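K.L.:
For what it's worth, the working numbering labels the leading residue of the sequence shown as 239, then goes sequentially. We treat Cβ as the ideally placed atom computed from N, Cα and C, and that holds for glycine. Keep in mind the model is a prediction, meaning the values are calculated, not measured.
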Amino acid sequence: MKKVLHIVGARPNFMKVAPIHRAISERDALEQKLVHTGQHYDVKMSDVFFTDLGMPAPDIYLGVGSGSHAEQTAKVMLELEKVFASEKPDLVSVVGDVNSTLAAALVAVKMGIPIAHVEAGLRSFDPAMPEEINRVLTDRISNLLLTPSADADANLIREGLEPERIRLVGNVMIDSLLAAREKALRLSTLEDMGLNARGYAVCTLHRASNVDDAQVLTGLLSALGHVASRLPVVFPVHPRTRKRIAELGLGASLERTPGLRLVDPMGYLEFLALTSQARLVFTDSGGLQEETTVLGIPCLTVRENTERPITVDLGTNLVVGTDPVRIRQAADRILDGYEKKGRVPDLWDGRTGERIARLYEEFLGLGKAPRRATESRILSSTPGAEHHPV
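1. Along the chain, where does the alpha helix (DSSP H) containing residue 464 start, and where does it finish?
2. In or out: residue 308 buried (at least 16 other Cβ within 10 Å) or exposed?
3. What is the DSSP secondary structure of residue 378, counted as helix, strand or coil?
4. Going by alpha carbons, who is nearest to residue 442 out of 355, 537, 358, 352?
5. In whole angstroms, what separates the C-alpha of residue 701 from that of residue 383?
6. Between the alpha carbons of residue 568 and residue 558, how many angstroms are there, rounded?
7. What's the C-alpha gap between residue 527 and residue 262?
8. Decide if residue 496 is buried, meaning its Cβ has at least 16 other Cβ atoms within 10 Å, or exposed.
9. Grab the span of the beta strand (DSSP E) containing residue 331 for me, first residue to last.
10. Take residue 250 and list the residues in its own chain whose beta-carbon comes closer than 7 Å to its own, dropping the five residues that flank it on each side.
11. Excluding sequence positions up to five away, which residues of its chain have a Cβ less than 7 Å from the Cβ of residue 565?
12. Who pairs with residue 244 in a beta bridge, going by DSSP?
13. Could you give the DSSP three-state label for residue 267: helix, strand or coil?
14. Are the Cβ atoms of residue 359 and residue 339 separated by less than 7 Å?
15. Cβ of residue 248 within 7 Å of Cβ of residue 336?
16. Please list the terminal residues of the continuous beta strand (DSSP E) segment that includes residue 473.
17. Does DSSP put residue 299 in a helix, a strand or coil?
18. Contact between the region 258-276 and the region 584-604: three or more CB pairs below 8 Å?
19. Closer than 8 Å by C-beta to residue 450: which residues in its own chain qualify, once you throw out the five before and the five after it? Chain order, please.
20. Given residue 478, which residues of its chain have a CB within under 7 Å of its CB, disregarding the five upstream and five downstream residues?
21. Below 6 Å CB to CB, which residues in the same chain sit around residue 352 once its five sequence neighbours on both sides are set aside?
22. Can you check the region 562-592 for any alpha helix (DSSP H) of at least 4 residues that lies completely inside it and give the ranges in chain order?
23. Residue 426: which of 534, 510, 457 sits nearest, CA to CA?
24. In whole angstroms, what separates the C-alpha of residue 264 from that of residue 404?
25. In the DSSP output, which residue or residues are listed as bridge partners for residue 353?
26. Since residue 366 and residue 514 should fall inside the 8 Å C-beta cutoff, what is the C-beta to C-beta distance between them, to a whole number of angstroms?
27. Using DSSP bridges, identify the partner residues of residue 555.
28. Please report the distance separating the alpha-carbon of residue 503 from that of residue 605.
29. Kindly indicate which three-state DSSP category residue 405 falls into: helix, strand or coil?
30. With DSSP as the reference, please indicate the residues paired to residue 499 in a beta bridge.
31. If you reduce the DSSP assignment to three classes, tell me which class residue 607 lands in.
32. Do residue 500 and residue 473 have their beta-carbon atoms positioned less than 7 Å apart in this structure?
33. Name the one or two DSSP bridge partners that residue 440 has.
34. Cα separation between residue 242 and residue 298?
35. Pick out whichever of 434, 438, 342 has its Cα sitting closest to the Cα of residue 373.
36. Under 7 Å, do residue 529 and residue 415 count as touching if we go by C-beta distance?
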């Protein structure tokens with residue numbers, strides 16, 4: 239059987255790989271193995287996600303750990319070269335935009351192994367953003383560019399990439415969300431935390447541009463304090479963010495802020511239970527922008543840009559930057575009842591993993607499975623889809 243290696247390294251990767259892994263297992267036409275680089279190595283940032291998503295334990299664990307961008311990327315490359323040499327995969331499947339994504343793609347292209355990039359074509363157009371560099375370079379050297387939305391297709395075409403490499407497949411992370419939502423809602427998360435549905439906000443912060451700059455972080459936390467004066471704000475604190483808060487001596491004052499609850503990172507199901515019933519979400523995470531759009535939850539993205547503009551154009555997302563005054567004003571407007579309405583983008587339907595599995599089989603010479611009539615109708619009505627048959 240032809241072999242696919244899935245490379246995961248950080249928390250967002252797991253939600254994207256799980257539906258693809260499941261679909262390939264169900265079709266039973268390809269051999270597959272899961273390689274965890276260990277870029278995220280904290281149990282609550284990594285291991286618990288395998289359990290929550292129903293994924294098998296990784297076949298190979300590299301345990302590269304933390305380090306600078308260069309150090310981490312280099313460690314992953316050195317270890318993956320050994321893995322690829324011994325496993326001899328026919329296709330390397332990478333997802334997202336973390337250091338492990340680019341490292342795997344670089345090793346694969348140097349060894350002459352085809353690459354599929356899931357979530358290709360996303361652009362923030364901010365070259366100072368490390369993830370943007372990872373996205374652009376990974377797309378440039380990948381053989382299959384699997385995009386979540388038509389704007390991503392347009393980005394790739396604008397950059398001169400060949401249309402025959404591009405396939406519009408939908409958003410695979412939404413597969414995980416839709417598959418897990420009912421199970422998450424059965425959890426007692428809100429009851430355990432003394433919360434009422436639609437009676438609280440959720441915040442996540444982890445990006446270097448927000449966390450490492452003391453002035454920016456202090457401003458964001460002051461805006462959270464304002465919102466917490468109106469309704470409880472649950473803040474699962476990323477290890478990077480918690481370390482920075484401690485360095486700045488802000489921990490004690492935050493703990494005393496009325497309505498603001500700092501908690502440890504949560505597993506996927508527990509966090510989904512929290513976000514899916516929130517009144518408002520603040521985030522600098524790309525994935526949460528997408529999830530809130532599907533859930534119909536107002537989202538304020540505390541960044542100056544987004545690589546997921548479809549969540550703004552069609553969804554519930556507003557990019558509000560990092561000015562605390564602007565954030566407070568936007569939050570107040572939502573809490574006063576003037577929230578933005580949105581709709582779910584095409585092909586964010588819970589079946590992207592199936593489409594990707596069929597594309598992998600086709601790419602590896604196992605024949606082209608017939609499209610379902612419903613998929614044909616969806617694709618024919620999607621802008622740019624005529625270039626990207628699934």
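P.N.:
Per the coordinate set shown:
1. Counting along the chain, the alpha helix (DSSP H) containing residue 464 begins and ends at 452-466.
2. Its Cβ having fewer than 16 others within 10 Å, residue 308 is exposed.
3. Residue state, collapsed to three classes: helix.
4. Nearest neighbour of residue 442 by Cα position, chosen from 355, 537, 358, 352, turns out to be 537.
5. Within the shown structure, residues of the chain are numbered from 239 to 628, placing residue 701 beyond reach of any answer.
6. Looking at the backbone, the Cα of residue 568 and that of residue 558 are separated by about 8 Å.
7. Those two C-alpha atoms are separated by around 27 Å.
8. It is exposed - the Cβ of residue 496 has fewer than 16 other Cβ atoms within 10 Å.
9. That run of the beta strand (DSSP E) goes 329-333.
10. Closer than 7 Å at Cβ, skipping near neighbours: 334, 525.
11. Contacts found: 461, 538, 540, 558.
12. Per DSSP, 272, 331.
13. Reduced to three states, the DSSP call for residue 267 is coil.
14. No, Cβ-Cβ distance for residue 359 and residue 339 is not below 7 Å.
15. The Cβ atoms of residue 248 and residue 336 sit closer than 7 Å to each other.
16. For residue 473, the enclosing beta strand (DSSP E) covers residues 471-474.
17. It is a strand residue.
18. Segment contact: the region 258-276 against the region 584-604, three or more CB-CB distances shorter than 8 Å; contact assigned.
19. If you ignore the 5 residues before and after residue 450, its C-beta comes within less than 8 Å of the C-beta of 482, all in its own chain and listed in chain order.
20. Result list for residue 478: 444, 449, in chain order.
21. Counting only Cβ-Cβ distances below 6 Å, and skipping sequence neighbours, we find 329, 381.
22. Restricted to the region 562-592, the alpha helix (DSSP H) segments that are unbroken, complete and at least 4 residues in length are 562-573, listed in chain order.
23. Distance check between residue 426 and each of 534, 510, 457 places 510 closest, using alpha-carbon atoms only.
24. Just so you know, the alpha carbons of residue 264 and residue 404 end up roughly 25 Å apart.
25. Answer is 330, bridged to residue 353.
26. Actually they are not in contact, since the Cβ atoms of residue 366 and residue 514 sit about 33 Å apart, beyond 8 Å.
27. In DSSP, residue 555 forms a bridge with 537.
28. The C-alpha of residue 605 is placed about 43 Å away from the C-alpha of residue 503.
29. Note: residue 405 maps to strand in three-state DSSP.
30. Within the DSSP bridge table, the entry for residue 499 names 472 as partners.
31. Confidence at residue 607 is low in this model, with a pLDDT of 47, below 50, so the placement of that residue should be treated as unreliable; the coordinate-derived value is given next. Residue 607 falls in the coil class under three-state DSSP.
32. Yes; because the gap between Cβ atoms is below 7 Å, this pair is in contact.
33. Within the DSSP bridge table, the entry for residue 440 names 472, 519 as partners.
34. Separation of residue 242 and residue 298 (C-alpha to C-alpha, rounded to the nearest whole angstrom) is 13 Å.
35. The residue from 434, 438, 342 with its alpha-carbon nearest to that of residue 373 is 342.
36. The answer is yes: Cβ separation under 7 Å.
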